[in-house]
Amino acid sequence: MPTQALDEARTDRHLSLRAVAPGLILILVVDVFAVAGIWPQTGWVNDCLTLMLASLPWATVVVLGKSTRILGYVRKEFLRVFGWGVVAGGFWRLLSMLFNLGWLNLGSAGGWLFPLVGALIWVPLIEETFFRGYLGRALSHALGVWPGILLQAILFTFQPVHWSQAGIGILSVLGFGILAGWLQQRWDSIWPAWGAHAFANLLPLLLSFA
């Protein structure tokens, strides 16, 4: 394969730092506000943040005319790598629960359907796409695999919804961010990280209904 074609193929495996700069700046500002204790805890502000985190990766792909593979959404061995993610996420959550680090505070509103959809689809869709597929892949390419994994995990941990947990629970979030980043890098796919996130969310939810 010609050198130019190889370079293009490598480029299509990740976004550049320039391409993810809007998202990187956004999450840095949000994290600083959260850590400083000045993030406004109002519904519409958090809804706007969720909307931006959900839309930025996909908008970037559309504007640049790239394939969703650039975010880690690949079809190859989908079920196998997703399954490895489920195993990893389940193991992590069990350890977390043993040390009282990861219980979800679930209310009764919405019954079981809304929490289930949120745990399996909505939360992994937003957070794995943004932090592992959008930021993580670009950071690991630019800075090196482990520096990129650690940086995206720190940014993941400091966002308001996680930072508000405070105390030792933050270490659990950080650990999961590192695990999910490694899973994405190990299989060059978003699916194992998604599987880990989905099952880590689902396990305490199921136990809460037991």
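Following this note's numbering, the numbering of the sequence shown begins with 1339 at its first residue and continues without gaps. Backbone N, C-alpha and C fix where the C-beta goes; we use that ideal spot for every residue, glycine too. Here the structure is a predicted model, which means the values were calculated and not measured.
Member of the options whose CA lies at the smallest distance from the CA of residue i
i, options, result
"tryptophan 1460", "Val1370, Thr1406, Ser1393 and Ala1397", "Ser1393"
"arginine 1351", "Gly1456, Ala1374, Pro1498 and Gly1471", "Gly1471"
"asparagine 1552", "Gln1522, Pro1498, Trp1520 and Ala1536", "This structure gives no information on residue 1552, because the portion of the chain shown stretches from 1339 to 1548."
"valine 1362", "Ala1531, Leu1489 and Ile1506", "Valine is not the amino acid found at residue 1362; the sequence shown has leucine there. With distances taken between Cα atoms, leucine 1362 lies closest to Leu1489."
"valine 1511", "Phe1494, Leu1521 and Gly1375", "Phe1494"
"histidine 1500", "Leu1355, Gly1375 and Pro1360", "Gly1375"
"glutamate 1466", "Phe1420, Ile1506, His1479 and Trp1382", "Phe1420"
"leucine 1402", "Gly1505, His1479, Gly1486 and Arg1356", "Arg1356"
Inter-residue CB distance, residue i and residue j (contact presumed, cutoff 8 Å)
i, j, result
"tryptophan 1430", "phenylalanine 1514", "6 Å"
"leucine 1517", "leucine 1458", "With 8 Å as the limit, leucine 1517 and leucine 1458 do not qualify as a contact, their Cβ atoms being about 18 Å apart."
"proline 1453", "histidine 1535", "Contact doesn't hold; Cβ gap of about 15 Å is too wide."
"alanine 1531", "leucine 1543", "Actually they do not touch by this definition, with Cβ atoms about 19 Å apart."
"phenylalanine 1469", "aspartate 1369", "Actually they are not in contact, since the Cβ atoms of phenylalanine 1469 and aspartate 1369 sit about 12 Å apart, beyond 8 Å."
Alpha-carbon to alpha-carbon, residue j and residue i
i, j, result
"isoleucine 1464", "leucine 1353", "17 Å"
"tryptophan 1484", "arginine 1475", "11 Å"
"leucine 1481", "glycine 1427", "26 Å"
"valine 1358", "proline 1395", "8 Å"
"isoleucine 1508", "alanine 1538", "15 Å"
"serine 1405", "valine 1412", "10 Å"
"cysteine 1386", "leucine 1366", "16 Å"
"aspartate 1526", "glycine 1410", "6 Å"
"leucine 1473", "tryptophan 1529", "16 Å"
"valine 1399", "phenylalanine 1416", "21 Å"
N-terminal and C-terminal residue of the alpha helix (DSSP H) that residue i is part of
i, result
"histidine 1500", "1498-1501"
"proline 1360", "1355-1374"
Closer than 7 Å: residue i CB and nearest the ligand MN heavy atom
i, result
"aspartate 1385", "With respect to the ligand MN, the structure shown offers nothing to examine, as it has no ligands at all."
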